[in-house]
Amino acid sequence: MLARAVGRLRKTSNGISVCQGICHPPLAAKTPHSPRYWSDQEVEASQDPLPLFVFCHATSFCKEIWQPFVDELQKLSREPFRWVSFDFSCHGDSRAEADANHWKDWKVAKEDVCSVLKEFRGDCNKIVGVGHSMGATSLVLAELENPGMFATLQLMEPVIFPHPESSNRPDAITEGLKRSAMKRRSEWSSFEELEQYMQTREAFKKFDSRAMKAYIHGGFRQTEDDKLTLKCQPQHEVNVYAGRPNSEEMKLDQVNCPVNILA
């Protein structure tokens with residue numbers, strides 16, 4: 001029954017690739033091994049709009065990486081809920097602008113969040129934003145521009161520099177990330193070679209195996225000569241790092257919804 005968490009693919013009017021679905025959590029069961037799930041009829045009979053979870057990935061990743069998270073959330077939830085995950089511009093299956101300067105700053109990410117919610121929120125009055133790194137920061141920027149958009153924000157390692165005196169301090173880190181991105185390998189001969197490569201990289205050694213498979217599935221594409229390449233090309237990744245928000249943009253005292261931060 002956990003297949004119910006698998007969403008349908010769509011694109012917004014401005015080219016953002018979205019995966020959306022409805023989770024039917026398990027109800028009380030006669031035995032632990034035979035849970036009963038909410039039926040479609042029970043969900044449709046609900047008087048209130050279902051809460052909506054919006055999942056925002058980190059730089060260079062993709063919407064598919066949230067699938068294991070959604071599966072686990074479905075196990076823990078007691079009520080049905082809607083969810084959407086999406087590829088930011090120049091990531092995954094979303095528009096890949098020919099203009100290398102498309103990512104001038106992270107307002108692009110904020111606009112992606114807002115455009116997805118404009119098309120998918122419906123009459124929902126309880127939206128939970130869940131984001132990692134760049135995705136977490138984009139949720140903060142969206143809430144600052146649209147106060148009350150989110151009922152709560154769940155942020156993992158958000159890129160936020162709250163004090164003006166700290167705005168120049170991360171420059172060395174940013175430059176290091178840019179150099180690493182430009183050196184990143186971006187082509188493999190097969191899925192087997194790609195998976196073996198990923199397993200040797202320090203950054204992925206602690207990845208949940210399901211998340212790893214989801215990233216391989218959604219973050220790479222086959223070329224005309226049957227090789228595999230990154231959907232988020234190194235230059236796009238560099239542009240994202242270069243456009244990080246400054247402290248003046250992050251008016252954290254104006255975020256009024258409850259926020260949980262995991263760092």
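Quick note on full-length UniProt numbering: the sequence shown kicks off at 1 and runs consecutively. Virtual Cβ for every residue (Gly too), placed ideally from N, Cα, C.
Are the beta-carbon atoms belonging to residue i and residue j less than 9 Å from one another?
i	j	result
residue 182	residue 57	no
residue 20	residue 82	yes
residue 103	residue 85	no
residue 252	residue 160	yes
residue 141	residue 245	yes
residue 18	residue 120	yes
residue 92	residue 114	no
residue 233	residue 186	yes
residue 128	residue 12	no
Can you name the residues that DSSP bridges to residue i?
i	result
residue 56	86 and 131
residue 18	10 and 86
residue 188	228
residue 265	Outside the displayed span of the chain (1 to 263) sits residue 265, for which this structure offers no information.
residue 220	230
residue 23	81
What do you get for residue i, buried or exposed, if any count of 16 or more other CB atoms within 10 angstroms of its CB means buried?
i	result
residue 189	exposed
residue 30	Note that residue 30 scores a pLDDT of 46, beneath 50, so its modelled location is shaky; the value from the coordinates is reported in the next line. Per the 10 Å Cβ criterion, exposed.
residue 200	exposed
residue 89	buried
residue 215	buried
residue 137	buried
residue 224	exposed
residue 94	buried
residue 143	buried
residue 16	buried
residue 228	buried
residue 219	buried
residue 132	buried
residue 231	buried
residue 171	exposed
residue 194	buried
So the candidates are the options; which of them puts its Cα closest to the Cα of residue i?
i	options	result
residue 203	125, 158 and 184	184
residue 74	65, 53, 87 and 60	53
residue 226	191, 219, 235 and 218	191
residue 254	146, 51, 80 and 25	146
residue 126	258, 50 and 116	50
residue 210	64, 16 and 55	64
residue 80	25, 119, 60 and 113	25
residue 152	175, 92 and 130	130
residue 148	232, 62, 157 and 124	124
residue 180	60, 262, 9 and 10	60
residue 157	222, 220, 262 and 206	262
residue 118	232, 194 and 14	14
residue 235	11, 178, 23 and 22	178
residue 208	55, 71, 9 and 10	71
residue 257	150, 22 and 231	150
residue 213	10, 68 and 55	68
At a cut-off of 8 Å, would you count residue i as near the ligand FMN, judging by its Cβ distance to the nearest heavy atom?
i	result
residue 129	Among the components of this structure there are no ligands whatsoever, and the ligand FMN is therefore not found.
Worksheet entry | the stretch 101-110 contacting the stretch 239-258, beta-carbon criterion three pairs below 8 Å | They touch, by the three-pair rule.
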